[in-house]
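Visitor:
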Amino acid sequence: MTQNRLGSLYMVASMGGFAVEDALFKVATQSIPTGQALTMFGLFGLIGFASLSLLKAERVLHPQILSRPLLLRSASELLGRLSFALALALMPLSSASAILQAAPFVVVVGAVVFFGEHVSWRRWLAIGFGFIGVLLIIRPTPALFDPVSIFAVLAMLGFSGRDLATRASPATMTTRQLGTLGFIVMTVAGVILWSVGGGTPTVPPLMTTLALLATAAAGILGYSFVTLAMRTGQISVVTPFRYSRQLFAIIFGFVLFGEWPDLLTWTGILIILLCGVYTARAGRIDRPNP
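Counting in UniProt numbering, the sequence shown runs from 1 upward without gaps.
#1: Taking the continuous alpha helix (DSSP H) assigned at Q246, which residues delimit it?
#2: Using CA coordinates, which residue listed in M186, W194, G17, A171 is at the minimum distance from S44?
#3: Is G219 near E21, with beta carbons less than 7 angstroms apart?
#4: Using beta-carbon positions only, say whether T232 and G7 come within less than 7 angstroms of one another.
#5: Taking Cβ positions, are V112 and V119 nearer each other than 7 angstroms?
#6: Quick check on DSSP: helix, strand or coil for Q234?
#7: Can you list, in chain order, the residues of its chain whose CB lies under 8 angstroms from that of R59, leaving out five sequence neighbours each side?
#8: At 3 residues or longer, and completely inside the region 106-137: list those beta strand (DSSP E) runs for me, N to C.
#9: Which residue marks the beginning of the alpha helix (DSSP H) containing S31, and which one marks its end?
#10: Can you check whether the CB of G179 is closer than 7 angstroms to the CB of F49?
#11: Using only the alpha-carbon positions, how far apart do G197 and L82 sit?
#12: Could you pull out every residue in the same chain whose Cβ sits closer than 6 angstroms to the Cβ of T29, ignoring the five residues on either side in sequence?
#13: So, for A229: in the same chain, excluding its five sequence neighbours on each side, which residues have a beta-carbon less than 7 angstroms away from its beta-carbon?
#14: CA-CA distance, W194 and T202?
#15: Grouping DSSP H, G and I as helix and E and B as strand, with all else coil, what is R167?
#16: Beta-carbon within less than 7 angstroms of I32's beta-carbon, same chain only, minus the 5 sequence neighbours each way: which residues are those?
#17: Taking 8 angstroms as the cut-off, does the region 66-82 touch the region 115-130 (at least 3 CB pairs, one atom from each stretch)?
#18: Looking at chain C, is there any beta carbon in it that lies within less than 7 angstroms of the beta carbon of W260?
#19: What distance in whole Å lies between the Cβ atoms of V107 and S160, which are believed to be in contact at a cut-off of 8 angstroms?
#20: Less than 7 angstroms separating the beta-carbons of A211 and A152?
#21: Can you name the start and end residues of the alpha helix (DSSP H) that I99 belongs to?
In structure tokens, the structure reads:
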């Protein structure tokens, strides 16, 4: 199996994990404050990844945790987690996830700028049309624009920066150590959101606690696979497979929350998905798999 194909499979697996994480987190925020839910989620995931490192007899925190790429990664993660937690709490799941699908376009541009990857005119054209799809969902006009969608846009930018910085992270840093760092940042994001947003601390119902434990488990799987994906194959070929997350989000949004996108949102989603598929195919046409 080629590195690009393996990386693509890792990406699809990670998107499935993240879609489950998003749905369960949204369920949890319906009974406790968003900041409290994010803090608990972060702590559960931190304990999970740290335990995996201890089982492997490796250091929980990598010595280069304060290096420039990892500081940039943590700052991007903080922005992404804060913003997406708010987006999930305030927006329909399918819409928040759809805006997040612009991340592959940003990551591909970053791969060109920072890693010197080749991107053909075909993929640049797909990136342009994909951006139009995002605009159809955001609807940046005074009459139709929903200010809450800004949180999803900021989350998209944050997660894009995180993924690019993951590529530049030390090769000696394991997926478990990267996950531990990520969930430390998530916990910090939860505390910040809890402090700023208020919300009286509550003893969460048992089902909410179980939902957050399951959220952490899904997040650990998603985090592990996306790290493997960003370290396997070409970024510009592997990244478009992020679009599989949208399909999961539509299903979970309908089944769990009764959400159903309107016609304009469906149009934007369809454009983004088609551009993602085309970008992946154009990558194989323009350059043979290694």
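Where is the CB? At the ideal position from N, CA and C, for every residue including glycine.
Guide: Walking through what the data contain:
#1: First-last of the alpha helix (DSSP H) with Q246: 244-257.
#2: Going by the sequence as given, residue 44 is Phe instead of Ser. Selected option, being the one with the closest Cα: M186.
#3: Against a cut-off of 7 angstroms, the Cβ pair of E21 and G219 comes out as a contact.
#4: Going by C-beta atoms, T232 is nearer than 7 angstroms to G7.
#5: For V112 and V119, yes; Cβs fall inside 7 angstroms.
#6: Reduced to three states, the DSSP call for Q234 is coil.
#7: The answer, listed in chain order, is S53, Q177.
#8: Listed in chain order, the beta strand (DSSP E) elements of length 3 or more contained wholly in the region 106-137 amount to none.
#9: S31 -> no alpha helix (DSSP H), and no H or E assigned at all.
#10: G179 sits close to F49, with the two beta carbons spaced by under 7 angstroms.
#11: Roughly 11 angstroms separates the two Cα atoms.
#12: Taken in chain order, the residues that qualify are A37, A89.
#13: The residues are G7, Y10, M11, S14, V238.
#14: When rounded, the separation of the alpha-carbon atoms in W194 and T202 is 12 angstroms.
#15: In the three-state reduction of the DSSP assignment, R167 falls in the helix class, which pools H, G and I.
#16: For I32, where only same-chain residues beyond five positions count, the Cβ hits under 7 angstroms are T202, P204, T208.
#17: A contact between stretches requires three or more CB pairs, one per stretch, nearer than 8 angstroms, and the region 115-130 fails this requirement with the region 66-82.
#18: Reference to chain C is not applicable here, since this structure consists of a single protein chain.
#19: At roughly 5 angstroms, the Cβ-Cβ gap stays under 8 angstroms, so S160 and V107 are in contact.
#20: The answer is no: Cβ separation not under 7 angstroms.
#21: From DSSP, the alpha helix (DSSP H) with I99 extends over 93-100.
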